[in-house]
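With positions in the sequence shown counted from 1, the corresponding number in the working numbering is that position plus 10.
Note that CB positions come from ideal geometry on N, CA and C, so glycine has one too.
Worksheet for the structure shown next.
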Amino acid sequence: MTSTKKIGLALSGGGARGVAHIGAIQALEAHGIFADVLSGASAGAIVGALYAAGKTPAEMMDFVKDSSFWKIFQIGLPIDGLAKLTYLNERLADTIETDDFSSLKKELHIAVANLNKGNCELRSSGTLFSTVMASCAVPLIFKPIELNGDVYVDGGLLNNLPVGPLRAACDIVIGINVMPNVPVPAKAVQTALGIAIRSFELSVYANTIPSLRQCDVVIEPKSLHQYHIFQFNKFQEIYDIGYRATLEAMPEILALVGG
11 MTSTKKIGLA LSGGGARGVA HIGAIQALEA HGIFADVLSG ASAGAIVGAL YAAGKTPAEM
71 MDFVKDSSFW KIFQIGLPID GLAKLTYLNE RLADTIETDD FSSLKKELHI AVANLNKGNC
131 ELRSSGTLFS TVMASCAVPL IFKPIELNGD VYVDGGLLNN LPVGPLRAAC DIVIGINVMP
191 NVPVPAKAVQ TALGIAIRSF ELSVYANTIP SLRQCDVVIE PKSLHQYHIF QFNKFQEIYD
251 IGYRATLEAM PEILALVGG
């Protein structure tokens, strides 16, 4: 469909759950809806970079399937106990021609957390791959990324759904949150790991609430909660959930775009 309204698409972080973003984009495009401005954190930054570079949903799924995608988040045990994101950098370089925001076909904003200054930055210029890697550098799991002398980690730590730049530039903002807050059973928080994971999820969701309120449409598939953030062997199921959830929201989206 043809619309004169500028559309922004915000893509949250969420590890493997980020594959749902690809399904959502497929559903949007099937109805003639193409985002003009993108933003993302962590996994949302990866999908956002691919989409902004002109990759189709099918090509993005090929990236997932052909990249042994789980290696991007593979946890090793180097001397300092932190894994590197080297493989992610290699796959981005193989897939996106130029390592610079200026080469992208769509405007893109990526959230990164500056450990030195203690704030969230939304980057939309400069080197692309290192910014994406910084946005994916989950603290205590991956090595932080140094950019211009400062140290950066996962943008989702402070802003998991970066809506601000979209709200300022777009008529309609669609937010896709793949880390919904869903009650968990008692057994899920009875171990140290379970408590740590749940605490992290709640902290991330808390910083997402203000962003959700700024969106015109929120797509937040609750069933994604059954998949943990490193569950890359379920990518087709996760893709399908994103696709179906977006179809369910389509009447609301079409009313806004066509109104």
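Per-residue burial, Ser-135 [other beta carbons within 10 Å of its own, 16 or more giving buried]: exposed
Beta-carbon proximity of Pro-172 to Ala-20, cut-off 8 Å: Between Pro-172 and Ala-20, the C-beta gap is smaller than 8 Å, which places the two residues in contact.
Every unbroken alpha helix (DSSP H) within the region 14-47, with a cutoff of 4 residues, ordered by chain: 29-40
At least 3 beta-carbon pairs within less than 8 Å: the region 61-74 vs the region 146-165: no
Per-residue DSSP class, three states only, for Leu-132: strand
Gly-252, DSSP secondary structure in three states: helix
8 Å Cβ cutoff met for Ala-30 and Tyr-249: yes
Within 8 Å, strictly: CB atoms of Tyr-61 and Lys-16: no
Neighbourhood of Gly-166 by C-beta distance below 6 Å, restricted to the same chain and skipping five residues each side: Gly-23, Ala-51, Ser-52, Val-214
Secondary structure of Ala-202, DSSP reduced to three states: Ala-202: helix per DSSP, three-state reduction.
Beta-carbon proximity list for Phe-305, same chain, < 6 Å, skipping 5 on both sides: Outside the displayed span of the chain (11 to 269) sits residue 305, for which this structure offers no information.
Bridge-paired residues (DSSP) for Phe-152: Ala-93
Residue of Arg-133, Leu-150, Ile-263, Gly-128 minimising C-alpha distance to Asp-181: Ile-263
Contact check, Val-47 vs Leu-176, beta carbons under 8 Å: yes
Rounded separation between Glu-39 and Gln-200 - CA only: 43 Å
When Ile-35, Ala-34, Ile-32, His-41 are compared against Ala-265, the one with the closest alpha-carbon: It is His-41 whose Cα lies nearest to the Cα of Ala-265.
Spatial distance of Phe-111 from Gly-54 (CA atoms): 16 Å
Own chain partners of Met-260 with C-beta closer than 8 Å, once the 5 adjacent residues on each side are dropped: Ala-37, His-41
Cβ neighbour criterion (16 or more within 10 Å) applied to Thr-141: Classification for Thr-141: buried.
Cβ-Cβ separation, Ala-121 to Leu-132 (assumed contact under 8 Å), whole Å: 6 Å
Neighbourhood of Leu-102 by C-beta distance below 6 Å, restricted to the same chain and skipping five residues each side: Phe-139
Cβ pair Cys-146, Leu-114 closer than 8 Å: Cys-146 places its beta carbon 8 Å or farther from that of Leu-114.
Cβ shell of Met-70 (< 8 Å), same chain only, five flanking positions each side left out: Ile-32, Ile-35, Val-57, Leu-60, Tyr-61
Euclidean distance between Cα positions of Arg-208 and Val-163: 20 Å
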